[in-house]
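All the letters of the sequence shown, read from the start, carry residue numbers 12 to 318 under this note's numbering. Cβ atoms here follow ideal geometry from the backbone N, Cα and C, with glycine treated the same way.
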Amino acid sequence: MASLELVNVGTDRALLDVFSDLTLELTPEWSRSTDQMLSALLLDPTQRRVVAIRAGEPVGFVTVGRIWVLPIDDPTAWCELGVREPYRRQGIGSQLLGWAEETAPLIGRARLQVPCRGNRPEGIAFLEQRGFSEYDRMACVELSLAGVVAPPIVLPESVRISSLAAEPDLRQSAYELAVEIFADLPDPEPVSAGSFEEWRLRDVDIPDGPLEGYLLAVAGDEVVGYCRLMNEERGLVVGHLMTGTRRAWRGRGVAKALKHAAIAWALERGAQRMTAENAIGNDVMRGLNRTLGFQSAPDFIEMRRTI
């Protein structure tokens, strides 16, 4: 059997293209383009990516880096890894995880946090056998857009729908809302939108973002709600990343109007389906998604272990 070579990706566009193709094949819901990965290095230059090569063939990948919504000195590293089906159960996953365990301390991290999906029990079992345990779980839903008609957008008086593409001057107000929303998220640990510059790099100025998909509910010159959308799986899917409203505007139909606008936006772009994630305890948003026709999808699960 040919030996396995772990190739550091760095900023090499050809290798980043290979890495992107591997993630699209193995974890399409988390895949990123080459330009998106290069842009992310501005926010976290400590990120490391490796492609596993056997006999000239890419067979797997692994990455470690900062968890962006946690403090910069948090000891936990985000770690994604995957191995192509024909090459599993040959020790490649163990070698990739071993690389992550060696690399994380070099960038100041003492724990690994690995994302999984509930429909991939073999990946969860792989991690459990190596000492990982479940840290957090999100309920995932998806909406098939085949035959869907854009629902009506009904807004409270004096509120309008816009976007950061149409009104870039609203960035500061959108950021202030993000700070409020992140502070209220029911995560296991407190999370933060970070500084304005971190928020801009992470959530706004993303290659293939797009800004037209950063939908805003605006009252006067204040952003009172937003909905972040992202093109995923190379345009086939629209990921519904976050919907939130200011505390003073909750319960007044703003989130529902943004959800309706998001469905219309996805239909206009010819996407096949929409996806979303909700905290298990977020009954209000989960109920709203059900009324819009979203169906349950495999849970998003984060596994964690101290190195």
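Which term fits D214, buried or exposed, when burial requires 16 or more other beta carbons within 10 angstroms of its beta carbon? buried
Range of the contiguous beta strand (DSSP E) that encloses G109: From DSSP, G109 is part of no beta strand (DSSP E) but of the alpha helix (DSSP H) over 103-114.
Can you tell me the Cα-Cα spacing of L33 and R261, whole angstroms? Roughly 41 Å separates the two Cα atoms.
What does the alpha-carbon distance come out to for the pair E139 and E145? 9 Å
CA-to-CA distance, H271 to Q306, given in whole angstroms: 16 Å
Please state whether the Cβ-Cβ distance between A275 and A161 is less than 8 Å. yes
Could you compute how far the alpha carbon of R60 sits from the alpha carbon of A88? Spanning the two alpha carbons is a distance of roughly 13 Å.
With DSSP collapsed to three states, give me the class of F137. helix
Determine the contact status of V295 and A228, defining contact as a CB-CB distance below 8 Å. no
Report buried or exposed for L226, applying the criterion of at least 16 other Cβ atoms within 10 angstroms of its Cβ. buried
So, S44 versus P218, is the Cβ gap smaller than 8 Å? yes
Helix, strand or coil: how does DSSP classify V265 here? helix
In the DSSP assignment, find the beta strand (DSSP E) that holds Y225 and state where it starts and stops. Y225 -> beta strand (DSSP E) spans 225-230.
Mind checking which residues open and close the beta strand (DSSP E) that includes A290? 284-290
For A273, the nearest candidate out of L303, P86, R182 (CA to CA): Here the closest residue by C-alpha is L303.
Straight-line gap, E68 to A111 (C-alpha atoms, nearest Å): 21 Å
Which residue spans inside the stretch 140-206 form an unbroken alpha helix (DSSP H) run of at least 4? 182-195
Close beta carbons around L166, own chain, < 8 Å, minus the five adjacent residues each side: I172, A228, G264, V265, A268
Limits of the unbroken beta strand (DSSP E) element including Q306: 306-317
By how many angstroms is the C-alpha of S206 removed from the C-alpha of L37? 33 Å
Between P39 and E168, what straight-line distance do the alpha-carbon atoms span, to the nearest angstrom? Taking the straight line from one Cα to the other gives about 40 Å.
With respect to the beta strand (DSSP E) encompassing A63, which residues constitute its N-terminal and C-terminal limits? Residue range 59-65 is occupied by the beta strand (DSSP E) that includes A63.
M149 CB to nearest heavy atom of the ligand HEM below 7 Å: Of the ligands one can find in the structure shown there are none, so the ligand HEM has no counterpart to examine.
Between F311, E96, E279, which lies nearest to D156 when the distance is taken from Cα to Cα? Here residue 156 turns out to be Leu, not Asp, going by the sequence shown. It is E279.
With DSSP as the reference, label R24 as helix, strand or coil. helix
May I ask which residues mark the beginning and end of the beta strand (DSSP E) holding T74? 68-77
Beta-carbon separation of G142 and R284 under 8 Å? no
Anyone know if the C-beta pair for G224 and M241 falls short of 8 Å? yes
How many angstroms separate the CA atom of L123 from the CA atom of P86? 9 Å
Flag this pair as touching only if the stretch 229-248 and the stretch 114-122 have three or more C-beta atom pairs under 8 Å; answer yes or no. no
Select from R297, V125, A277 the residue whose C-alpha is nearest the C-alpha of L92. V125
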